Each structure stands twice: as C-alpha cells, then as structure tokens.
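This report concerns only the one structure given below.
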Amino acid sequence: MSQKNVNTESRDIWSAESYSQTVAPFVPTLTDTVQAWLDPQPSDAILDVGCGDGILTAKIATHAKHVVGVDGSNNMIAAFQQKYPHVSSRVVDCRFLGREKDITNQTFDKVFSNAAMHWILRDPTTRLEVMSACFAALKPGGIMVSESGGLGNVAEVHAALIGELIHHGVTPERAREVSPWWFPSLESMKILVEASGFKWIKGEVELRQTKLTEVEGGGIKGWVRLFGADFLHELGSDYEREQAIERIVEVLEGVGRRQHDNGFSVNYIRLRFKAQKPN
Numbered sequence: 001m002s003q004k005n006v007n008t009e010s011r012d013i014w015s016a017e018s019y020s021q022t023v024a025p026f027v028p029t030l031t032d033t034v035q036a037w038l039d040p041q042p043s044d045a046i047l048d049v050g051c052g053d054g055i056l057t058a059k060i061a062t063h064a065k066h067v068v069g070v071d072g073s074n075n076m077i078a079a080f081q082q083k084y085p086h087v088s089s090r091v092v093d094c095r096f097l098g099r100e101k102d103i104t105n106q107t108f109d110k111v112f113s114n115a116a117m118h119w120i121l122r123d124p125t126t127r128l129e130v131m132s133a134c135f136a137a138l139k140p141g142g143i144m145v146s147e148s149g150g151l152g153n154v155a156e157v158h159a160a161l162i163g164e165l166i167h168h169g170v171t172p173e174r175a176r177e178v179s180p181w182w183f184p185s186l187e188s189m190k191i192l193v194e195a196s197g198f199k200w201i202k203g204e205v206e207l208r209q210t211k212l213t214e215v216e217g218g219g220i221k222g223w224v225r226l227f228g229a230d231f232l233h234e235l236g237s238d239y240e241r242e243q244a245i246e247r248i249v250e251v252l253e254g255v256g257r258r259q260h261d262n263g264f265s266v267n268y269i270r271l272r273f274k275a276q277k278p279n
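Just so it is clear: in the sequence shown, position 218 is 218 by the UniProt record's numbering, and no numbers are missing.
In structure tokens form, the structure reads like this:
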C-alpha cells in the first residue's frame, strides 16, 4: 500500500499506526469486491504487491497455501513482521520488482495489489517494468487482481495540494512533478497491462465517497499530513507545512463536509482489473 516515490527515495513517510488506526483504517476493510475477484483458494501461492502493514495480506493468507507480501516502506514491513510473523514479507522497492529473481520466476498462482499501484506506478519510466515483473511472477495461466486509484481519485485534495504549492511560489510544473501518484483511466491501465503480456479479463471504475475518521490526528487534516507528505516536503519549514495544512483544510471545508452528520468525505475513485497470464 505504500511505495517510495521517485522524488522521495531517502524518506519513508509511512507510519503503520497513523495509516491503519488514525487516518485510513478503511483501506483494508473496503475490499469485498477486489477480494472476491481474487478468490483465494487453499492451493494458491499469492504475491501481494504493496502490502503495507499486512492487515489484508494476513486475511488473504488464511485462505491460501502461501502468501508473500512486498512493500517499499521499512516502517510498514517492520509493523507487518511484528503483527504477522507467520506470513512472509520483505522490503522491496516495487518499481524494481523484476530484480527479485526468487519472486519473478513463475512462482505464484496469483498476484494481488490493493491501494498501492497508484504509488508504485508513479514513475513513467518503470511502469512497464513493474507490470512485466508481476507477469513474470505468475505461473502460466495465473491471475493478477488489482485495485488502486483511478482517474480523478481524491481530485479535490490533489488540486488543493498543488494549489498550495503554487501559492508558495512553486511552479505548476514542479507541483505536478512532486505528486507521488498516478491515477490512470481504465483504458490507460488496460493498455499498460496488455503491453506486459497479460490477457485483460475485466475492469471497472467505482466512485467511493469515503467518510474519514474523526479521531484525534485523523480526519482531513491527518489525511493531508500523511498522504500529502511529498507535497508538503517542498516547503521550507515545519511551520510552513502546518500553515499549509490549515489552509488546505480550510479550502476543502466547503467541498467535503457532510451537512447531515458533520463528517468529512473524500471522493475516492477506485480502478479494479483482473488479468491473466496466457498458458
């Protein structure tokens, strides 16, 4: 669920506690559809690409023969190994998954990824390499199932983050470059998947208006602080970053505030696909 961006190789922005308990506990829970598409079986060996702290990976492991989780965050994998020592996991910069020769040797029946590919595929120079590595990891006839952000995902927050950097004198081009995400259209993802050798089985896009948490450190402010860290890193001091967060939250107040319960929602757009490696 996390991955080092091309612009942030030396920093690990991820905190398992913030991610899973405070800011985004909904990420591993709103997964019924993508899990149904995966349909793990007792005989399956499954690779989870961008596994984060392993909450969903461990759940899948209860239905499969063998599961391996890989993620680019040392912090997330440390939390994974502490909570789920019985499930295999390791730190891998998934942009270069193809370098893991013990993984990309037709070992797995299925490759799975949830809420991670929009981070992993951010760098256009390694997109095909990533998808080709997923292809290489599968046995002939194997299945890949993925859900990640699609075109327009969290657009209101994304635009507010870019706008805040421009307010600070960052050029629009640089502000877009700093973004750690790639939110493709369904057709763009299909083109990438098929270019890697897969047969496209099905895909869909879903608008999921997601209510954020209301706990201390969470909500829209916590969301911006965690997921917008790469944008905020462009600013010169902690004070500037905190002021920027306050302004972004104020901008979003009239966009995402729910009148009926005073909660706050963000417009997640989820892109799912299922593809097969030919026999």
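Even for Gly, the Cβ is constructed at its ideal location relative to N, Cα and C. Just so it is clear, the structure is predicted and the values come from calculations on it, not from any experiment.
- In the DSSP assignment, ASP71 falls within the beta strand (DSSP E) that extends over 66-71.
- For GLU173, the secondary structure class from DSSP, reduced to helix, strand or coil, is helix.
- Three or more pairs of CB atoms, one per stretch, sit closer than 8 Å, so the segment 262-273 contacts the segment 208-218.
- Excluding its 5 nearest sequence neighbours in each direction, ILE166 has C-beta neighbours in its own chain below 8 Å: PRO172 and ALA175, listed in chain order.
- With respect to GLY150, PHE183 sits close: the two C-beta atoms are nearer than 8 Å.
- In this structure, GLY69 keeps its C-beta atom at 8 Å or more from the C-beta atom of ASP93.
- Within the same chain, MET144, SER196, GLY197, PHE198 and LYS277 come within 8 Å of PHE135 by CB-CB distance, once the 5 residues on both sides are set aside.
- Every alpha helix (DSSP H) stretch that sits fully inside the segment 236-274 and reaches 4 residues is listed by chain position as 238-256.
- A residue is called buried when at least 16 other Cβ atoms come within 10 angstroms of its Cβ; SER146 meets this threshold and is buried.
- Residue pairing from DSSP places MET144 in a beta bridge opposite VAL111 and ALA275.
- If you draw a straight line from the Cα of LEU192 to the Cα of LEU128, it comes to about 7 Å.
- Looking at the backbone, the Cα of THR107 and that of ILE201 are separated by about 21 Å.
- With respect to the 8 Å criterion, TRP37 and LYS190 are not classified as neighbours on the basis of their beta carbons.
- Residues of the same chain with a CB within less than 7 Å of the CB of GLU100, apart from the 5 flanking positions on each side, are VAL92 in chain order.
- Residue pairing of ARG208 in beta bridges, as defined by DSSP: TYR268.
- Our two residues, SER113 and GLY222, have alpha carbons roughly 24 Å apart in a direct line.
- Nearest to THR125 by C-alpha distance, out of VAL157, VAL111, PHE96 and GLU234, is PHE96.
- Residue pairing for ASP48: DSSP places it in a beta bridge opposite GLY69 and PHE112.
- Of GLY141, THR104, ILE55 and PRO85, the smallest CA-CA separation from LEU30 is found for ILE55.
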